[in-house]
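Notes follow once the structure below has been shown.
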Amino acid sequence: MAQLEEWYKSMPPVTRTYITASIVTTTACTLDLVPMIKLHMDWNSVIYRYQVWRLASNFFFFDSRLSVSFVFKMFFLYRYSKLLEINSFRGRTADYVYMLLFGAVLSLLLAI
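This is the structure we're talking about:
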């Protein structure tokens, strides 16, 4: 258990936050604490029902249940996010967050 804690704490901060949010979101859906329909991006719900959480929640939801597919998705998210944060954005955490936000905003605009 201590090794798992050390591994978790050794993750770069943005990667750790993104992985944690993704696991919590998927686990909440798997346990039926949050309906999946409340997380997907729906512009009508954002604009007319003021459900602004949909602008962010769709980036943390990867699968409808905890499965092997979800584990692989988390592995690749962890691996590539960590590599980006450690190599390309070393010492520039804010730049990495800005890049992620820029990509998210662009994705949302393209989804209109």
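Quick note: the sequence shown uses my numbering, first residue 27, plus one each step. Every residue gets a Cβ at the ideal spot worked out from N, C-alpha and C, and that includes glycine.
Short check: CB of F88 to CB of T52, under 8 Å?
yes
What do you reckon, are the CB atoms on V50 and V123 nearer than 8 Å?
no
Considering G129, what are the terminal residues of the alpha helix (DSSP H) in which it resides?
T119 to L136
Would you kindly report the start and end of the unbroken alpha helix (DSSP H) that includes L110?
Taken as a continuous stretch (DSSP letters only), L110 belongs to no alpha helix (DSSP H), as it is neither H nor E.
Could you tell me the distance, in whole angstroms, from the CA atom of A130 to the CA atom of A137?
11 Å
In its own chain, which residues sit with a C-beta less than 8 Å from the C-beta of S71, not counting the 5 before and 5 after it?
Q77 and R80
In angstroms with no decimal places, state the Cα-to-Cα distance between D121 and L127.
The alpha-carbon atoms of D121 and L127 are separated by roughly 10 Å.
Whose CA, out of I45, L92, R42 and L135, lies closest to the CA of C55?
L92
Excluding the 5 residues flanking V3 on each side, which residues of the same chain have their C-beta closer than 7 Å to its C-beta?
Outside the modelled stretch of the chain, which goes from 27 to 138, sits residue 3, for which no answer is possible.
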